[in-house]
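S.K.:
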């Protein structure tokens, strides 16, 4: 089983729509969780950290479900500029970060 | 603040040739990572340095890949001899410690023919 698994998508949504997707992780001892964004042919950049209580940053909401070992990302009021691949990153132990394969989101006009 | 610098941006070589990539992390960042990203996949960690010591190189194909971080600052990743399946983007990243945000360079895109 992979350490981090994501639905690859693509999620093709109209502008203004809400899109949500999950990421599952295998190591129940994982402590830190992140969402990175990667634009086509660009490097990944941190979108947001995921906290136990859930957190929001503008139109983006991240949730953590430890019991079921998944994190989620919800994007409200999608913009064309939200089109990207969203990488789930899990800190499996003190220093090792594991990346998922990414979920591709395409927002159409 | 200057970001993570990588060179070259693009490299095309034939199989069995060698190639080297260079990375200069953000000043003061103790942790440096080399990732391999194959098209359609997430980044895969090749090696992680803490200062000039290796923290994790469990996924580095040591028969052909080598990396060093002399003096705990910049780093080089070498592939010799290259195989077709090494075609990928090689991403260098740095962080202040092994726990915080990773800052990536623009990557070095390798094509092996």
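Chains as they are written, first to last, in our numbering: chain R, 7 to 115; chain Y, 90 to 202.
Note that CB positions come from ideal geometry on N, CA and C, so glycine has one too.
#1: Would you be able to state if there are at least three C-beta pairs under 8 Å between the stretch 106 to 114 of chain R and the stretch 52 to 61 of chain R?
#2: Please list, in chain order, the chain Y residues whose beta carbon lies closer than 8 Å to that of residue 93 (chain R).
#3: Please identify, using Cβ separations under 7 Å, the residues of the stretch 12 to 36 of chain R that lie next to chain Y, in order along the chain.
#4: Between residue 105 (chain R) and chain Y, is there a C-beta pair that is closer than 7 Å?
#5: Would you identify the three-state DSSP class for residue 62 (chain R), choosing helix, strand or coil?
#6: How should residue 10 (chain R) be labelled, buried or exposed, when 16 other C-beta atoms within 10 angstroms of its C-beta is the threshold for buried?
#7: Please list, in chain order, the residues of the stretch 145 to 160 of chain Y that have any C-beta partner in chain R closer than 7 Å.
#8: Might you give, ordered along the chain, the residues of its own chain that have their beta carbon closer than 6 Å to the beta carbon of residue 61 (chain R), omitting 5 neighbours on each side?
#9: From this set, Y:91, Y:111, Y:137, which residue's C-alpha is nearest residue 99 (chain Y)'s C-alpha?
#10: For residue 193 (chain Y), which residues in chain R fall below 8 Å Cβ to Cβ?
#11: Under 7 Å Cβ-Cβ, which residues of chain R neighbour residue 174 (chain Y)?
#12: Is the Cβ of residue 196 (chain Y) closer than 7 Å to any Cβ of chain R?
#13: So residue 85 (chain R) contacts chain Y; which residues on that side make the cut at Cβ distance below 7 Å?
#14: Residues of chain R with CB under 8 Å from residue 180 (chain Y), in chain order?
#15: Taking 7 Å as the CB-CB cut-off, is residue 103 (chain Y) touching chain R?
#16: Is residue 155 (chain Y) a contact residue of the ligand PLP, with contact defined as CB to any heavy atom under 6 Å?
#17: Kindly indicate which three-state DSSP category residue 197 (chain Y) falls into: helix, strand or coil?
#18: Comparing alpha-carbon positions, which option in Y:158, Y:184, Y:179 lies nearest residue 48 (chain R)?
#19: Mark residue 152 (chain Y) as exposed unless 16 or more other C-beta atoms lie within 10 angstroms of its C-beta, in which case mark it buried.
#20: I'd like to confirm the pairing. Which residues does DSSP put opposite residue 20 (chain R) in its beta bridges?
M.R.: Inspection of the coordinates gives the following:
#1: no
#2: 131, 132
#3: none
#4: yes
#5: strand
#6: buried
#7: 145
#8: 68
#9: Y:111
#10: 49, 50, 51
#11: Neighbours of residue 174 (chain Y) on chain R: none; closest Cβ ~17 Å, over 7 Å.
#12: yes
#13: Within 7 Å Cβ-Cβ: nothing; residue 85 (chain R) doesn't reach chain Y, min ~23 Å.
#14: 49, 50
#15: no
#16: This structure simply doesn't include the ligand PLP, nor any ligand for that matter.
#17: strand
#18: Y:179
#19: exposed
#20: R:114
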